[in-house]
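>
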Amino acid sequence: MQELIEILQNLHPEVDFAACDTLIDDGILDSFDIVSVINEINDTFDVVIPADRIVPENFNSAAALWELIEDLED
Amino acid sequence: MPRTHVLDYLTEILPQAADKTAFASPAESLTFAALEAQSNAVASALTAQGLYNEPVVVYMEKSPRTVAAFFGVIKAGCYYVPLDDEMPRVRIELILDTLQPRAVIYDTKSKSAAESLIAGKDVIAAYDYARLVQTAPDLPALSAIRSRAIDTDPIYVVFTSGSTGKPKGVCACHRSVIDYVENLSDALGFDSETVFGNQAPLYVDACLKELYPTLKFGAATHFIPKGLFSFPVRLIEHLNAVKANTICWVASALTMTAGCGALGSVQPEYLRTVAFGSEVFLPKHLNAWRAACPKAKFYNLYGPTEATGMSCVYPVTRDFSEGEVIPIGKPFPNTEVFLYTKEAGLITAPDTPGEMLIRGTCLTMGYYADPERTAAAFIQNPFHDRYPEWVYCTGDLAKYDADGNLIFLSRKDYQIKHMGHRIELGEIESAALTMDGMTGCCALFHPESKKLLLAYAPELDKAAVLTHLRGKLPRYMLPNGLFPIEAMPLTPNGKIDRVLLRQTYAGA
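Protein sequences, first through last, are from chains A and B.
Mind the numbering: the first sequence is residues 21 to 94 in the numbering used here, read in order.
Mind the numbering: the second sequence is residues 8 to 515 in the numbering used here, read in order.
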């Protein structure tokens with residue numbers, strides 16, 4: 021989880037990613053960020069996020085993203 | 008009679024398409040008749056304020072009514088200047104400084120920003136679009152303005168990145184836009200059945216591809232919500248829902264969709280025309296799109312804002328193998344693109360690099376209120392001095408392949424293309440250097456990973472630097488990676504050592 025938070029923090033140092041669960045709804049992560057996040061996650065965790073999992077619900081919070089990563093690692 | 012006014016397209020199509028939807032977003036749609044009525048109301052209001060032959064800033068979010076605002080401005084005999092509603096205040100001030108406008112049109116979303124923008128400036132007034140459209144149309148006044156219009160009158164100014172930090176306003180007239188709309192429509196085969204799925208923001212010239220052909224043919228344009236471009240499966244589902252059959256997108260939008268495998272889980276059902284451009288598109292992504300849309304025709308487009316949108320087209324009729332470059336093809340009719348270097352003159356032989364220079368009606372009128380930078384880019388035709396004739400120096404290096412197609416090679420300078428946006432690395436550096444304590448910096452672009460990087464000295468806090476840049480630059484210019492260093496490395500003659508920095512941070 022810490023690695024994921026670091027990826028997110030590099031994009032938006034001002035956001036409290038442990039608490040925020042409206043990253044997409046409030047436009048905190050935009051399309052530029054999401055492309056970066058997907059690439060970083062794929063590289064860091066050696067997973068491939070399939071297209072049908074790239075949906076707003078999975079990117080709204082660090083917790084949701086982490087759940088997705090864990091699911092893909094299994 | 009040949010068309011001399013871009014809104015002749017609207018006048019001509021109205022009798023047959025009045026009740027057809029012209030522009031739509033999920034929240035709102037406008038028929039051609041509504042577009043005519045709203046633009047007449049806006050124009051009448053502006054005219055009543057005494058505005059004529061001057062810039063009118065349109066500071067609105069992307070929506071059908073923004074298009075009606077543009078046309079209203081043109082009908083008032085003025086030219087529209089679209090502003091990105093997410094652009095930082097500082098950059099907007101730079102643009103207003105160049106324009107010296109007397110009118111800004113805002114919407115509900117930009118109301119408070121617009122009001123604070125004009126606070127303390129006596130000469131600018133801000134107008135609420137919702138109120139402008141309630142104005143009773145003064146058709147005799149508008150018809151008088153129309154009869155005075157000539158096709159070299161400006162219709163818009165769009166701002167593009169400038170290397171000194173000051174954006175450049177590219178100013179285009181009726182004639183160049185009509186020339187572009189005719190050539191593009193022929194090349195891509197638009198017709199009355201065309202349904203555009205629009206991606207391009209309204210504050211760049213790229214949206215000309217949809218705006219005016221929609222009028223010309225009585226076609227339809229759906230504005231796709233920006234957020235969908237992050238979620239490719241939803242994006243394609245949306246294209247299917249609105250039955251979009253034509254998309255003209257920046258290559259990065261197509262890349263994202265193909266790259267994550269979305270085309271494997273959902274197929275674009277209606278697409279028959281797919282045009283891309285503005286940056287390099289990798290063969291594997293092109294091939295994935297061609298496989299997903301076997302009935303669609305694909306086109307690579309190339310052109311600078313200074314030559315009104317696009318200047319060259321390459322119809323893609325085969326798959327490309329990895330490492331192959333998709334050509335930018337051949338110039339549109341009535342447009343000449345030639346390769347030139349000072350040393351060799353005109354280049355016609357294949358595989359010989361030269362700068363692309365452009366000649367023709369497509370040329371815009373130069374940079375607004377900026378004779379110096381205009382003179383640097385729009386020069387006398389280097390092959391004669393018999394009469395004044397401008398050619399535009401693109402700064403893009405290219406060569407011919409064996410079939411006479413142009414192949415883009417690289418830039419002459421520090422301009423880059425990132426997510427479809429044209430960026431001068433110097434503008435990022437200028438913004439960074441305005442930060443207290445920053446003594447040196449260098450912006451770099453790594454084309455393979457598509458990352459925009461900033462190395463800077465001394466080692467200021469990354470978060471603080473990013474926050475500073477957010478206040479100065481549009482979103483697409485923000486670096487994806489920051490590298491604080493103790494001191495900038497210098498070359499023997501005292502300049503920042505870009506080559507060393509690129510090797511260290513951009514892996515090239």
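Every residue gets a Cβ at the ideal spot worked out from N, C-alpha and C, and that includes glycine.
Which of the three DSSP states, helix, strand or coil, is assigned to residue 543 of chain B?
Nothing about residue 543 of chain B can be read from this structure; chain B reaches only from 8 to 515.
> Quick one, which of B:140, B:499 and B:72 has its alpha-carbon nearest residue 29 of chain B's?
Among B:140, B:499 and B:72, the Cα nearest to that of residue 29 of chain B is on B:72.
> So does the segment 352-362 of chain B actually touch the segment 433-450 of chain B, counting three or more Cβ pairs closer than 8 Å?
Cβ pair count under 8 Å is below three, so no.
> Starting from residue 247 of chain B, trace the alpha helix (DSSP H) both ways and give me its first and last residue.
Looking at the DSSP string, the run of the alpha helix (DSSP H) that includes residue 247 of chain B is 239-248.
> Between the Cα of residue 259 of chain B and the Cα atoms of B:191, B:394 and B:285, which residue gives the shortest distance?
Per the Cα distances, B:285.
> Give me the chain B residues within the contact set of residue 58 of chain A, using Cβ-Cβ distance strictly less than 8 Å, ordered along the chain.
The contacting residues are 267.
> Nearest chain B C-beta to residue 54 of chain A closer than 7 Å, yes or no?
Yes, residue 54 of chain A lies at the interface with chain B (some Cβ there is under 7 Å from its Cβ).
> Looking at residue 95 of chain B and residue 530 of chain B, is the spacing between their C-beta atoms short of 7 Å?
This structure does not reach residue 530 of chain B, given that chain B is present from 8 up to 515, and the question cannot be answered.
> Residue 83 of chain A touches chain B at which residues, Cβ-Cβ below 7 Å?
Within chain B, no residue comes near residue 83 of chain A; the closest Cβ sits about 19 Å away, beyond 7 Å.
> Measuring CB to CB, does residue 41 of chain B end up less than 7 Å from residue 83 of chain B?
It is not a contact, given that the beta carbons lie outside the stated cut-off.
> Note down, one range per segment and in chain order, each beta strand (DSSP E) of at least 3 residues found wholly within the segment 148-209 of chain B.
Runs found: 161-167, 175-180 and 202-205.
> Which residues bound the alpha helix (DSSP H) around residue 333 of chain B?
Looking at the DSSP string, residue 333 of chain B is not in any alpha helix (DSSP H), and its letter there is neither H nor E.
> Taking the beta strand (DSSP E) that residue 557 of chain B belongs to, which residues open and close that run?
Because chain B is modelled from 8 through 515, residue 557 of chain B falls outside the range shown and cannot be assessed.
> Starting from the N-terminal side, write out each stretch of the alpha helix (DSSP H) that is 4 residues or longer and does not extend beyond the segment 44-75 of chain A.
Runs of the alpha helix (DSSP H) inside the segment 44-75 of chain A: 51-65.
> Quick one: is residue 506 of chain B near chain A, going by C-beta distance under 7 Å?
Output row for residue 506 of chain B: interface = no.
> Label residue 325 of chain B either buried or exposed according to how many other C-beta atoms from any shown protein chain fall within 10 Å of its C-beta, with 16 as the threshold for buried.
Residue 325 of chain B is exposed by the Cβ-count criterion.
> Three-state secondary structure (DSSP) at residue 460 of chain B?
In this structure, residue 460 of chain B counts as strand in the three-state DSSP scheme.
> Could you tell me if residue 515 of chain B is buried or exposed, where buried requires 16 or more neighbouring beta carbons within 10 angstroms of its beta carbon?
Confidence at residue 515 of chain B is low in this model, with a pLDDT of 47, below 50, so the placement of that residue should be treated as unreliable; the coordinate-derived value is given next. Classification of residue 515 of chain B: exposed, given that the 10 Å Cβ count is below 16.
> Locate the beta strand (DSSP E) running through residue 363 of chain B, then write down its first and last residues.
Segment 361-367, the beta strand (DSSP E) holding residue 363 of chain B.
> Taking the beta strand (DSSP E) that residue 307 of chain B belongs to, which residues open and close that run?
304-309 is the extent of the beta strand (DSSP E) around residue 307 of chain B.
> Any Cβ of chain B within less than 7 Å of the Cβ of residue 75 of chain A?
Yes, contact with chain B.
> Check residue 404 of chain B in the structure and name its three-state DSSP category.
Residue state, collapsed to three classes: strand.
> Ordered along the chain, which non-local residues of its own chain (more than five positions away) have a Cβ less than 6 Å from that of residue 112 of chain B?
Excluding sequence neighbours, residue 112 of chain B sits near 65, 76, 134 and 136.
> Taking residue 134 of chain B as part of the beta strand (DSSP E), name the residues at either end of that continuous run.
Its beta strand (DSSP E) spans residues 132-135.
> Should residue 70 of chain B be labelled buried (16 or more other beta-carbon atoms within 10 Å of its own) or exposed?
Buried, because 16 or more other Cβ atoms sit within 10 Å of the Cβ of residue 70 of chain B.
> Within its chain, find whatever has a CB closer than 6 Å to the CB of residue 114 of chain B; leave out the 5 residues flanking it on each side and keep chain order.
Excluding sequence neighbours, residue 114 of chain B sits near 67 and 136.
> By DSSP's criteria, residue 321 of chain B is part of a beta bridge. Which residues make up the other side?
BP columns for residue 321 of chain B point to B:307.
> Per DSSP, what kind of secondary structure is residue 3 of chain B in: helix, strand or coil?
Only positions 8 to 515 of chain B appear in the structure, and residue 3 of chain B is not among them; the question remains open.
> Output needed in chain order: residues of the segment 237-249 of chain B with a Cβ under 8 Å from some Cβ in chain A.
From the segment 237-249 of chain B, only 237, 238, 239, 240 and 241 have a Cβ closer than 8 Å to chain A.
> In terms of residues, what are the limits of the alpha helix (DSSP H) holding residue 119 of chain B?
First-last of the alpha helix (DSSP H) with residue 119 of chain B: 118-125.
> Under 7 Å between C-beta atoms, does residue 515 of chain B make it to chain A?
Low local confidence applies: a pLDDT of 47 at residue 515 of chain B is under 50, so the model's placement there is unreliable, with the coordinate-based value given in what follows. Cβ-Cβ to chain A under 7 Å: no for residue 515 of chain B.
> Leaving out five residues on either side along the sequence, give the residues of the same chain with a beta carbon under 7 Å from the beta carbon of residue 81 of chain A.
The residues are 40, 41 and 43.
> Is the segment 272-283 of chain B touching the segment 247-263 of chain B in the sense that three or more CB pairs, one from each, lie closer than 8 Å?
They touch, by the three-pair rule.
> Which residues in the same chain as residue 469 of chain B place their Cβ atom closer than 6 Å to its Cβ, once the five residues preceding and following it in sequence are excluded?
These residues qualify, in order along the chain: 489.
> Are there 16 or more other CB atoms within 10 angstroms of the CB of residue 45 of chain B, so buried, or fewer, so exposed?
Classification for residue 45 of chain B: buried.
> So residue 81 of chain B and residue 14 of chain B are in contact, right, with Cβ under 8 Å, and what is the actual spacing, rounded?
Their Cβ separation, rounded to whole angstroms, is 6 Å, which keeps residue 81 of chain B and residue 14 of chain B in contact under 8 Å.
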